[in-house]
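So for the sequence shown, my numbering puts the first residue at 64; every next one is plus one. Here's the structure, in structure tokens; my notes come after.
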Amino acid sequence: SRFVHLLGCSSPNLPLPLPRPQPPVRFRQFADMCWDTHAGTSESPRAVQVVRNDILKLGLIADIQYADCEDGTDYDKVEERHFRNALVIAKQAVVSWNEERVEAVIQLGDIIDGRNFQAGESEKAMAAVLSVLDECKAPKRYDLIGNHEMYNVKRKDLAASGLRCLGESGKTYYSASLTDKWEAVFLDSYEWALIGMDSSEEGYQKAVELMKVKNPAVIDPTNKDWFAGLSPEMHRYVPYNGGMSPEQVSWLEATLKQVAADNRKALVFSHVPLYEGATKPKTMVWNLEDVMGVLHQYKDCVAGVFAGHDHNGGYSVDAAGLHHITMNSPMTAPVGSDCWATLECAPDGTACFKSFGRACVESKTSGRGRVHEQIFLAPGAENKPKEGTQL
């Protein structure tokens with residue numbers, strides 16, 4: 064099957080970076096506490112008390128892509144993949160999150176690799192990873208839908224898969240109130256998709272209609288190259304990406320409108336990235352313009368946008384000032400290293416992304432760039448990667 068080819072794709076304390084312009088004093092104090100407590104060197108009982116009682120902590124991980132098989136590469140034989148080691152990293156992440164006492168875990172999709180389906184091992188592999196994540200003492204976990212979920216589980220069977228990927232309404236896009244200040248917004252990047260659906264389903268039919276216009280090569284069974292003749296801005300229109308319906312976009316607008324009206328902050332999560340500055344043209348949502356238009360309309364209440372999918376990761380701030388973080392994959396992390404994060408959210412609407420290992424590196428470096436050890440999510444915050452951490 065031609066779709067088999069897409070399984071190889073997705074693809075001691077430091078000085079704080081000085082934001083320009085300087086963020087509010089409250090934010091700088093939060094940043095100091097965030098970093099000191101991460102390094103285990105805070106000597107201030109007051110700081111410790113604030114972090115424990117006043118700061119919302121979340122655990123983040125993306126693209127575990129576990130499979131009980133030997134190491135391999137992507138389809139182009141460029142990206143090294145350590146399938147079993149990904150589960151080792153997930154176990155280490157859970158130990159860390161339990162020590163940090165995170166209040167929720169957000170798993171950004173691609174929990175197991177597509178090759179499990181080919182081997183008839185989907186259920187076994189899913190159970191192995193879920194049993195690890197279930198060891199986390201956080202009261203909540205949220206699972207996003209990625210392309211590798213769609214390779215292993217039909218969309219109609221998601222509710223029975225063990226994944227916590229549905230909201231109270233039963234929809235695959237929904238929001239959750241984390242605190243009085245913070246709302247998590249979970250998007251479904253594969254509501255329109257060429258994978259995980261029967262040809263009779265509306266989401267599949269919409270995807271076919273879009274591909275007929277944007278990239279007919281992907282629905283031509285005789286075509287061997289999806290990207291031939293395509294300009295880079297069209298590279299996103301391939302089967303391992305997906306799109307969001309107008310209904311989901313309208314729901315997103317209504318959700319952010321309410322968050323803004325309530326003077327709260329939103330954290331937006333999508334398996335597939337939305338901004339090229341934090342990824343590459345081949346790994347983006349099909350109709351990202353629709354979604355980004357809404358995010359920019361409510362930019363003052365959106366603290367950050369988080370994604371996975373692109374195993375090489377990246378970080379960038381878009382023209383509207385939104386922070387975009389694409390997390391690296393534990394599957395591609397060097398053996399012996401870490402690859403997860405915690406996100407600390409303050410009551411004033413500022414937040415701090417803390418990378419363990421290579422959870423987020425410089426964009427456009429094929430995953431080998433310098434590590435963003437901490438990313439402060441506040442208007443005007445300037446974040447720099449740590450020197451000397453490139454591979």
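Every residue, glycine too, gets a C-beta built ideally from N, C-alpha and C. In this text the structure is predicted, and so the values were computed from the model without any measurement.
Point to revise | Inter-stretch contact at 8 Å, needing at least 3 Cβ pairs: the region 326-341 / the region 197-212 | key: yes
Check your understanding: Going by C-alpha distance, which of G122, M274, W314 is nearest L171?
Key -> G122
**Study point:** Proximity winner among K219, Q181, D197, relative to G266 (alpha-carbon distances)
**Key:** K219
**Study point:** CA-to-CA distance, D261 to P444, given in whole angstroms
**Key:** The displayed chain sequence assigns Ala, not Pro, to residue 444. If I take the Cα positions, the gap works out to 45 Å.
Check your understanding: Tell me which same chain residues have a C-beta within less than 6 Å of the C-beta of A380, skipping the five on either side of it?
Key -> Note on residue identity: the sequence assigns Val, not Ala, to residue 380. Within the same chain, V380 has close Cβ partners H386.
Point to revise | Three-state class that DSSP yields for E246 in the structure shown | key: strand
Point to revise | Alpha carbon of T346 to alpha carbon of S252, nearest angstrom | key: Rounded to whole angstroms, T346 to S252 spans 11 Å at the Cα level.
Check your understanding: Contact between the region 266-284 and the region 318-325: three or more CB pairs below 8 Å?
Key -> no
Review point. If you run the structure through DSSP and keep just helix, strand and coil, what is I127?
Key: The three-state secondary structure of I127, taken from DSSP, is coil.
Practice item. Check H211 in the structure and name its three-state DSSP category. Key: helix
Review point. To which residues of the same chain is P344 closer than 7 Å at the C-beta, ignoring the five residues directly before and after it?
Key: P295, E296, H298, R299
Point to revise | Proximity winner among S313, A329, S194, G412, relative to L150 (alpha-carbon distances) | key: S194
Practice item. Would you mind working out which of N148, H372, D139 sits nearest D131, comparing C-alpha positions? Key: Per the Cα distances, N148.
Practice item. Could you tell me the boundaries of the beta strand (DSSP E) in which L330 lies? Key: Per DSSP, L330 belongs to the beta strand (DSSP E) from 328-332.
Check your understanding: Alpha carbon to alpha carbon, what distance is there between C228 and T428?
Key -> 31 Å
Check your understanding: Are G340 and A414 closer than 8 Å when you measure CB to CB?
Key -> The beta carbons of G340 and A414 sit no closer together than 8 Å.
Point to revise | Cβ neighbours of L250 in the same chain (closer than 6 Å, five flanking residues each side left out) | key: Y236, S333
**Study point:** Straight-line gap, K154 to G292 (C-alpha atoms, nearest Å)
**Key:** Distance between the alpha carbons of K154 and G292 is about 43 Å.
**Study point:** Secondary structure of H145, DSSP reduced to three states
**Key:** DSSP places H145 in coil when its eight states are reduced to three.
Point to revise | Stretch-stretch touch, CB-based, cutoff 8 Å, three pairs: the region 275-285 with the region 239-249 | key: no
Review point. Are there 16 or more other CB atoms within 10 angstroms of the CB of A324, so buried, or fewer, so exposed?
Key: exposed
Practice item. Confirm, please, whether the CB-CB distance from C408 to S392 is below 8 Å. Key: Their beta carbons are not under 8 Å apart, which means S392 does not touch C408 by this criterion.
Review point. Is it buried or exposed for D117, if we count other Cβ within 10 angstroms and need 16 for buried?
Key: exposed
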